Amino acid sequence: MFTLQCQSVKDIRKHSYYPAENEVLLMAATQFKVMGCLDQGNLHIVQLEETRPPFPLLQPVPTVVPQSINPISS
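For any residue, its number in my numbering is found by taking its place in the sequence shown, counting from 1, and adding 382.
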């Protein structure tokens, strides 16, 4: 199991086959630093923190806010 600390993650629970799971979508080439590992018997938990690469490979897509469209009257 992984625990993530990130800024560029997108929550996809509403689109998932398993909406009760905390599923997220990460941008390609996202880099992480391992902050810790826990061994709880049969369960291994890896704690990861997103890092900013010195040379970003991809730029995040800006969030578009929907705006209402007013019909043009003639």
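Every residue, glycine too, gets a C-beta built ideally from N, C-alpha and C.
Bear in mind that the values here come from a model prediction, so they are computed numbers and not experimental data.
Item: With distances taken between CB atoms, is the gap from Q413 to T385 smaller than 8 Å?; Value: no
Item: Can you check DSSP and say which residues form a bridge with K415?; Value: E431
Item: Hey, M383 and L425 are a contact pair by Cβ (cut 8 Å); roughly how many whole angstroms apart?; Value: 7 Å
Item: Within the same chain, show all residues whose beta-carbon is closer than 6 Å to that of P435, passing over the 5 residues directly before and after it, in chain order.; Value: Q413
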